[in-house]
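So in UniProt numbering, spot 87 of the sequence shown is number 87, and the numbers just go up one at a time. Note that the Cβ used here is the ideal one computed from N, Cα and C, for glycine as well. Keep in mind that this is a model prediction, so the values were computed, not measured. Following: one structure in C-alpha cells, then a few remarks.
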Amino acid sequence: MLLVVTYARDARETLRNACRTHEDVVVRRFGRAALFKETEFGAFLACRLREKHGHDVQVERTEPFNEYAAVRDEVREAAAAYEAREAKSTPYDKFAAGTDHPDSAAMRARDL
Numbered sequence: 001m002l003l004v005v006t007y008a009r010d011a012r013e014t015l016r017n018a019c020r021t022h023e024d025v026v027v028r029r030f031g032r033a034a035l036f037k038e039t040e041f042g043a044f045l046a047c048r049l050r051e052k053h054g055h056d057v058q059v060e061r062t063e064p065f066n067e068y069a070a071v072r073d074e075v076r077e078a079a080a081a082y083e084a085r086e087a088k089s090t091p092y093d094k095f096a097a098g099t100d101h102p103d104s105a106a107m108r109a110r111d112l
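Structure follows, in C-alpha cells:
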C-alpha cells in the first residue's frame, strides 16, 4: 500500500478530493493521510499530490503488519495479559514486574 500524508491545508484538500473522486483506490482514509492501493493508478495519484504540493506531501510504501511473523511470542502474550489485567490503571512496568513479561525498556531497545 501507499501511505500519503499531508502537512498543509491545501494538500489536505487535494487529498480529500482525490479520495472522494477515486474511492476504488482508497484503502483507508485518516483525515490528513490515506492509504492507497498499490497500483499504478494509486501511485499516479500519490505522485500527482507530490507534484502539486511538493514537500507538503509525504509518500511511503507500506506493507501489512503481521504480528505473528514480526513480533516475538513473549511480546504478544504480554500485550494480551496486560489488556486482560484487573486494574486498568496499573502501568505496564508495574504490571510486568516479577513476571516473565518483557519490561518496556527492553522492548524499546529491540527492533522488530
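What residue does the beta strand (DSSP E) around residue i start on, and which one ends it?
| i | result |
| --- | --- |
| R48 | R48 -> not in any beta strand (DSSP E); alpha helix (DSSP H) instead, spanning E40 to H53. |
| E60 | V57 to R61 |
| A34 | A33 to F36 |
Return helix, strand or coil for residue i, following the three-state DSSP convention.
| i | result |
| --- | --- |
| E23 | coil |
| V5 | strand |
When you compare the CB positions of residue i and residue j, do they come within less than 8 Å of one another, or not?
| i | j | result |
| --- | --- | --- |
| F95 | Y82 | yes |
| R32 | V59 | no |
| V57 | M107 | no |
| R61 | L2 | yes |
| A8 | L45 | no |
Taking the alpha carbon of residue i as the point to measure from, which residue in the options has its own alpha carbon closest?
| i | options | result |
| --- | --- | --- |
| A78 | E38, G98 and T62 | G98 |
| R20 | E40, F36 and A8 | F36 |
| G54 | T90, S89 and R12 | R12 |
| R29 | L15, F41 and T39 | L15 |
| E23 | Y7, G42 and A8 | G42 |
| A70 | L112, T39, M1 and T90 | L112 |
Starting from residue i and walking both ways along the alpha helix (DSSP H), at which residues does that stretch end?
| i | result |
| --- | --- |
| F65 | That residue, F65, is in no alpha helix (DSSP H); it is neither H nor E in DSSP. |
| V75 | D73 to E83 |
| S104 | S104 to A109 |
| D93 | Y92 to A96 |
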